[in-house]
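Q: Provided herewith is a single structure, encoded as structure tokens, for subsequent inquiry.
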Amino acid sequence: MLSQAISAHNIIKKFQLSNQETVTVLNGISVTADYGEFISILGISGSGKSTLLKCLSSLMVPDSGAVSVNGLDPYALKDSQLAKFRRQNISVIFQSYNLVPALPVLENIALPLRLSHKKVDKEDIRKLMKQLRFEASLNAFVSTLSGGEQQKVAIARTILSDSQVIFADEPTGALDSLSRQVIFDLLRSMANNGKCVFMVTHDIELASQTDRSLILKDGVIYQELLRPTAQSLYQALEAETIK
Ligand SMILES: Nc1ncnc2c1ncn2[C@@H]1O[C@H](COP(=O)(O)OP(=O)(O)OP(=O)(O)O)[C@@H](O)[C@H]1O
Ligand SMILES: [Mg+2]
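Listed below in structure tokens is the structure:
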């Protein structure tokens with residue numbers, strides 16, 4: 001297997017506004033990440049964290065620049081190949097969870113496994129949900145769950161899909177502090193076991209437990225901290241808010 005999971009070079013992404021103006025959200029981002037690495041992405045709201053995650057995870061074509069996931073450019077693939085490539089390589093926990101409201105919890109979690117024709121072990125799912133301290137029924141429709149419960153379903157789906165590259169957009173945002181650490185620890189152990197994890201977060205305490213932090217500002221990686229500490233993150237984020 002390759003050691004490099006992600007490589008992105010000079011990513012530019014602009015959005016068209018209603019009045020014909022364009023905003024440049026990503027203005028030349030380059031980043032590489034190896035398998036086994038846990039990377040956090042920080043920056044104020046609107047700094048482009050979710051946009052970057054989408055560009056890296058094959059969900060949004062950048063205007064220019066090169067992206068490679070597991071040695072392959074996902075944007076060079078045909079739609080049908082891309083869907084298969086994603087299923088085989090990538091798992092994303094979205095900021096908005098992206099669950100299927102009309103399906104029960106169990107089927108939401110099992111969905112990627114079913115799409116990849118893999119075995120669904122209900123007992124495994126039960127054990128994982130217990131570990132995640134999920135108290136609701138696996139037969140409940142996800143539309144009836146609280147925000148934090150839905151987040152746990154989205155996380156369980158990612159963990160069980162067993163992808164090599166994981167993108168998580170504020171995966172602990174809606175959770176109590178105990179669940180937050182439990183879920184972080186699961187992502188941490190996935191990276192320790194050789195997966196590559198990207199996590200967007202506003203949480204300095206969690207970011208300080210990742211291997212590397214990227215701080216976005218004005219469309220670029222304004223600072224990159226290797227083995228970040230809470231103190232170095234505070235300093236970097238404080239400097240970020242000063243224009
Ligand atoms: N599809 C779109 N069309 C137009 N503008 C967009 C689109 N998607 C994002 N933007 C703009 O790009 C900027 C960055 O958005 P993004 O969602 O990446 O920020 P973020 O750093 O994830 O913020 P948050 O911390 O609030 O989640 C914002 O100003 C947003 O309005
Ligand atoms: Mg976001």
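The C-terminal position of the sequence shown is numbered 243 in UniProt numbering, with every residue numbered one higher than the one before it.
Quick reminder that beta carbons are idealized off the backbone N, C-alpha and C, glycines included.
Return helix, strand or coil for G65, following the three-state DSSP convention.
A: Position 65 of the sequence shown holds residue 65. Of the three classes helix, strand and coil, the one that applies to G65 here is strand, per DSSP.
Q: For F184, report the span of its alpha helix (DSSP H) as first-last.
A: Locating residue 184 in the sequence shown gives position 184, where the first residue counts as 1. S177 to N192 is the extent of the alpha helix (DSSP H) around F184.
Q: DSSP on E37, reduced to helix/strand/coil?
A: Within the sequence shown, residue 37 is the residue found at index 37, counting from 1. Here E37 sits in coil by DSSP.
Q: Figure out for me which residue from H202, T172 and V165 has the closest Cα to the Cα of G194.
A: Within the sequence shown, the letter at position 194 stands for residue 194. Ranking H202, T172 and V165 by Cα distance to G194 puts V165 first.
Q: Given 6 Å as the limit, tell me if G148 has its C-beta closer than that to any heavy atom belonging to ligand 1.
A: By one-based count along the sequence shown, residue 148 stands at place 148. Not under cutoff, so the answer is no.
Q: Residue range of the alpha helix (DSSP H) that N108 falls in?
A: In the sequence shown, counting from the first residue as 1, residue 108 sits at position 108. Run containing N108: V105 to L115, per the alpha helix (DSSP H) assignment.
Q: Run through the DSSP bridge pairs and tell me what I90 is partnered with.
A: The count along the sequence shown starts at 1 and reaches residue 90 at position 90. Beta-bridge pairing links I90 to V165.
Q: Does the structure place the stretch 75-95 close enough to the stretch 160-175 that three or more beta carbon pairs sit under 8 Å?
A: Yes, since at least three Cβ pairs between the stretch 160-175 and the stretch 75-95 fall closer than 8 Å, the two stretches touch.
Q: Tell me whether K49 counts as near ligand 2, meaning its Cβ is closer than 6 Å to at least one heavy atom of that ligand.
A: Here residue 49 refers to the residue found at position 49 when the sequence shown is read from its first residue. Within the cutoff, so yes.
Q: DSSP on Y97, reduced to helix/strand/coil?
A: Here residue 97 refers to the residue found at position 97 when the sequence shown is read from its first residue. Three-state result, Y97: coil.
Q: At the level of alpha carbons, what is the spacing between I11 and K217?
A: Position 11 of the sequence shown, counted from the first residue, corresponds to residue 11. Position 217 of the sequence shown, counted from the first residue, corresponds to residue 217. Answer to the nearest angstrom: the Cα atoms are 14 Å apart.
Q: With DSSP run on the structure shown, which of helix, strand or coil describes F85?
A: Position 85 of the sequence shown, counting from 1, holds the residue named residue 85. In this structure, F85 counts as helix in the three-state DSSP scheme.
Q: On the DSSP letters alone, give me the boundaries of the alpha helix (DSSP H) that M129 sits inside.
A: Reading the sequence shown from its first residue, position 129 is the one you call residue 129. Counting along the chain, the alpha helix (DSSP H) containing M129 begins and ends at K122 to Q131.
Q: Please report the residue range of the beta strand (DSSP E) in which S50 lies.
A: Locating residue 50 in the sequence shown gives position 50, where the first residue counts as 1. Careful: S50 lies outside any beta strand (DSSP E), inside the alpha helix (DSSP H) at K49 to L56.
Q: State the Cα-Cα distance for the pair L214 and S208, rounded to the nearest angstrom.
A: Position 214 of the sequence shown, counting from 1, holds the residue named residue 214. Position 208 of the sequence shown, counting from 1, holds the residue named residue 208. Going from the Cα of L214 to the Cα of S208 covers about 12 Å.
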